[in-house]
């Protein structure tokens with residue numbers, strides 16, 4: 059498996075972690091993903107950026123071979139203007155980017171680069187970034203970024219989302235190197251470098267069961283790399299500088315967001331469907347078949363659209379050979395409960411399909427019954443005419 063090249067010198071001399079362990083190079087990254095449209099024309103966005111001589115590129119995983127794991131339809135990565143944000147007592151200039159996915163999601167990212175920062179300060183920075191962006195006064199940062207982006211890519215949106223948009227947040231603490239080589243086995247261990255404050259935002263000691271649950275989703279490929287997943291945060295230790303794990307987690311969050319969107323869409327559609335069916339059944343016999351048929355066509359269109367888009371969401375990432383990234387991706391989907399939300403969407407689609415079939419059959423039966431009545435009336439008219447002529 060050639061996912062990475064192992065640098066043996068990093069594993070040669072491992073030091074014991076302490077509270078004063080120094081993060082030589084790292085990043086605190088905050089993501090917010092929005093559902094903004096039914097579908098997005100990525101080619102249109104690329105053409106618009108080229109016309110303005112602005113940067114745009116198709117995202118790809120940096121280290122994994124393309125045949126092993128790749129985006130289904132690579133999103134368009136767009137650099138945005140840096141954002142100034144106060145985190146704690148310091149002012150940070152955060153690098154900002156956006157990734158636009160074909161299935162209607164945009165992932166906004168804010169990144170604070172750090173160097174030579176003690177571990178407790180790094181953990182506090184990750185927590186502070188999350189708190190600052192979630193604060194009532196600074197939460198508008200994401201909205202300003204989104205509106206600026208929408209002003210640019212608006213023409214590429216097919217059926218933009220109306221009203222309140224769904225969103226998902228995720229925070230990453232990424233370490234590229236420590237001041238001294240760090241064994242991954244000691245990070246998060248009870249007698250090693252503590253991850254609890256970073257992953258849970260807690261400064262008080264957690265119970266052993268809570269610690270075990272918090273650190274359960276742990277992955278390493280080499281001796282000196284580590285990924286620990288949480289519901290809304292993750293820690294990544296990656297000395298080779300690969301961004302593949304972060305990219306995979308972004309895709310998993312995008313899939314969760316879209317499944318939530320379709321789950322809520324169908325939740326709202328089912329009561330409306332029941333009302334329309336009841337109204338169609340109350341209609342006069344002469345117009346009922348047409349109403350049944352029209353309603354059935356509408357339900358069929360809804361099922362087709364949702365099915366097409368959920369398939370695109372399911373195929374956002376194609377995994378074939380990279381077992382390590384595949385495990386992280388599958389665990390993230392399970393942790394985020396994407397399969398459960400997807401199953402709920404499938405159940406509601408099945409209800410609508412069954413209703414469509416029943417309406418179609420009812421429309422056909424109503425037409426047949428109406429034709430039989432018309433034939434009987436025509437026969438009676440002919441009999442009356444014949445008797446009248448005979449008299």
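In my numbering, the protein residues as written are 59 to 449.
All C-beta atoms in this analysis are idealised placements derived from N, C-alpha and C, irrespective of residue type, glycine included.
- Cα atoms of residue 275 and residue 257: separation of roughly 12 Å, rounded to the nearest angstrom.
- Contact between the stretch 254-268 and the stretch 217-224 is absent: fewer than 3 CB-CB pairs across the two stretches fall below 8 Å.
- When rounded, the separation of the alpha-carbon atoms in residue 139 and residue 399 is 35 Å.
- Under the three-state reduction of DSSP, residue 225 is assigned to strand.
- The stretch 315-322 makes no contact with the stretch 285-300, as fewer than three CB pairs between them are under 8 Å.
- Residue 162 holds the alpha-carbon nearest to the alpha-carbon of residue 313 among 101, 134, 162 and 78.
- Around the CB of residue 437, fewer than 16 other CB atoms lie within 10 Å, so the residue is classed as exposed.
- With respect to the 9 Å criterion, residue 94 and residue 253 are not classified as neighbours on the basis of their beta carbons.
- Excluding residues up to 5 positions away in sequence, 114 and 156 lie with their Cβ nearer than 6 Å to the Cβ of residue 136 in the same chain.
- By the neighbour-count definition (other C-beta atoms within 10 Å, threshold 16), residue 329 is an exposed residue.
- Taking the CA atoms as reference points, residue 409 sits about 10 Å from residue 361.
- Distance from the CA of residue 91 to the CA of residue 309, rounded to the nearest whole angstrom, comes to 10 Å.
- In this structure, residue 382 lies away from residue 307, with their beta-carbon atoms at least 9 Å apart.
- Every beta strand (DSSP E) of 3 residues or more that sits fully in the stretch 89-149 is shown, in chain order, as 95-98, 127-129 and 134-145.
- Listed in chain order, the non-local C-beta contacts of residue 217 below 8 Å within the same chain comprise 95, 96 and 97, local neighbours out to five positions each way being set aside.
- Rounded to whole angstroms, the gap between the alpha carbons of residue 164 and residue 433 is 59 Å.
- CA-CA distance, residue 82 to residue 387, rounds to 28 Å.
- Contact check for residue 240 against residue 251 passes: the beta carbons are separated by less than 9 Å.
- Judged by their CB atoms, residue 167 and residue 255 are not nearer to each other than the 9 Å cut-off.
- 407 is the residue among 242, 407, 186 and 101 whose C-alpha sits nearest the C-alpha of residue 323.
- Here the C-alpha atom of residue 232 lies approximately 11 Å from the C-alpha atom of residue 283.
- For residue 181, the enclosing alpha helix (DSSP H) has its first and last residue at 177-192.
- With at least 16 other beta carbons inside 10 angstroms of its own, residue 152 counts as buried.
- Here DSSP, grouped into helix, strand and coil, assigns residue 216 to strand.
- Per DSSP, the unbroken alpha helix (DSSP H) holding residue 270 starts and ends at 266-272.
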